[in-house]
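Heads up: the sequence shown begins at 1296 in our numbering, then just goes up one per residue. Note that CB positions come from ideal geometry on N, CA and C, so glycine has one too. First the structure, in the form of structure tokens, and then the observations on it.
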Amino acid sequence: MKLGPGKGRTTFKIALSIFALFILSFAATLAIRLWPELMRPKYVDPAFRLPSPLELASLPTAARFDFPLGSENGAMSYNAQRFTENHHLGDDLNGIGGENSDLGDPIYAIADGRVLLARDGGPSWGNVVIVLHAYIENGAGGSRATTTKPARVGEPINGERKYVQSYYGHVQTMLVHKGNNVRRGQQIATVGTGGGRYFAHLHFEMREFITPFIGPGYRADTRGRLDPTAFIEAHRGAPEDDVGRARMR
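In structure tokens, the structure reads:
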């Protein structure tokens, strides 16, 4: 049966409407799926940037680790609140005089590395410095309870290259900037009070992260965090490496 001119135009309009609805539906679905990517900010805050493989490869290899406050073996300081105590994610290190007697005392880089972050950490943190370290784990079975030694030029590295970050919180004065390379024993900051919130002390953490994430100071879940004292004691190096550091002022 042949359709009249009026019915043919009606059928064409219906088909065109169905096609238009299909296109609109497809475009809406595509926009919904792509919207997060389209709206993703082009600038990413440094606190959420991961170092590139090239940056990681260029990190100096730490020969050994020392304590950040007092002497390089931890003398002239004490641990007021240890890792996991009250769900604490680090160690609270104080000068032996207590209270504010250590305000302004030097804070040292625990090993060779590169500064990932040096800035105000927000309420309750004050200034925060985060340093990324590369080291060679030489222990059998990957145990952390081993010494670390740098490979000489041309010498094969017998061990796994690992990364750890040291975190220095509540500091008063920051003496380094993001991107600076630092040496073990170099002064990088001074002890502070978290903007006047606490008695002077250093909130010190060690993490398996490679991103300059500030995060909480207390949490029951300690995944990604390391016991700072245990790690340093296990990675202090051989006695002949203990060349000391600058005398405290």
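- [ ] Compare the Cα-Cα distances from A1515 to each of R1359, T1324, I1425 and L1384 and report the closest residue.
- [x] Numbered from 1 along the sequence shown, position 220 holds the residue referred to as residue 1515. Checking every option, the nearest Cα to that of A1515 belongs to L1384.
Open item on the list: Under 8 Å: do the stretch 1452-1467 and the stretch 1490-1510 share three or more Cβ pairs, one atom per stretch?
Closed with: yes
- [ ] Confirm, please, whether the CB-CB distance from P1523 to I1425 is below 8 Å.
- [x] Indexing the sequence shown from 1 puts residue 1425 at position 130. Indexing the sequence shown from 1 puts residue 1523 at position 228. Contact flag unset, no.
Open item on the list: Rounded to whole angstroms, what is the Cα-Cα separation between A1352 and K1473?
Closed with: For the purposes of this step, residue 1352 is identified with residue 57 of the sequence shown, where counting begins at 1. For the purposes of this step, residue 1473 is identified with residue 178 of the sequence shown, where counting begins at 1. Computed Cα separation, rounded: 17 Å.
- [ ] Pick helix, strand or coil for P1451, following the three-state DSSP scheme.
- [x] Stepping through the sequence shown from its first residue, residue 1451 is reached at position 156. In this prediction, P1451 has a pLDDT of 40, which is less than 50 and means its spatial position is unreliable; nothing more can be read from the coordinates.
Task: DSSP state of H1470 mapped onto helix, strand, coil - done: Against the sequence shown, residue 1470 aligns to sequence position 175. Correcting the residue identity first, residue 1470 is Leu in this sequence and not His. If DSSP states are grouped into helix, strand and coil, L1470 belongs with coil.
- [ ] Tell me whether S1438 is buried or exposed, calling it buried when 16 or more other Cβ atoms sit within 10 Å of its Cβ.
- [x] Looking up residue 1438 in the sequence shown gives position 143. In this predicted model, S1438 has a pLDDT of only 34, less than 50, meaning its place in the structure is not dependable; the value taken from the coordinates is given anyway. Its Cβ having fewer than 16 others within 10 Å, S1438 is exposed.
Open item on the list: List, from N- to C-terminal side, the beta strand (DSSP E) runs of 3 residues or more that fit wholly inside the stretch 1461-1515.
Closed with: 1482-1485 and 1497-1502
Task: Selected residue, minimal CA-CA separation from A1370, among G1512, I1318 and N1389 - done: Working through the sequence shown from its first residue, we reach residue 1370 at position 75. Looking at the Cα atoms, N1389 is the closest of the given residues.
TODO: Return helix, strand or coil for L1521, following the three-state DSSP convention.
DONE: Taking the first residue of the sequence shown as 1, we reach residue 1521 at position 226. Strand, per DSSP.
Open item on the list: Using DSSP's beta-bridge definition, name the partner residues of D1415.
Closed with: One-based indexing of the sequence shown puts residue 1415 at position 120. D1415 is bridged to N1422.
TODO: Pick helix, strand or coil for A1435, following the three-state DSSP scheme.
DONE: Taking the first residue of the sequence shown as 1, we reach residue 1435 at position 140. Because A1435 sits at a pLDDT of 42, beneath the cut-off of 50, its placement in the model cannot be relied upon, and the following sentence gives the value as read from the coordinates. If DSSP states are grouped into helix, strand and coil, A1435 belongs with the helices.
Task: Test item: CB-CB of P1477 and D1397 under 8 Å - done: In the sequence shown, the residue the question calls residue 1477 occupies position 182. In the sequence shown, the residue the question calls residue 1397 occupies position 102. Checking the displayed sequence, the identity of residue 1477 turns out to be Val instead of Pro. No; because the gap between Cβ atoms is not below 8 Å, this pair is not in contact.
Open item on the list: Measuring only the C-alpha atoms, how far is T1379 from I1405?
Closed with: If you number the sequence shown from 1, residue 1379 lands on position 84. If you number the sequence shown from 1, residue 1405 lands on position 110. The alpha-carbon atoms of T1379 and I1405 are separated by roughly 21 Å.
- [ ] Assuming Y1403 and G1480 form a contact by the criterion Cβ under 8 Å, report the distance between their Cβ atoms to the nearest whole angstrom.
- [x] Translated into the one-based positions of the sequence shown, residue 1403 becomes position 108. Translated into the one-based positions of the sequence shown, residue 1480 becomes position 185. Indeed, because the Cβ distance is near 5 Å, the residues count as touching under 8 Å.
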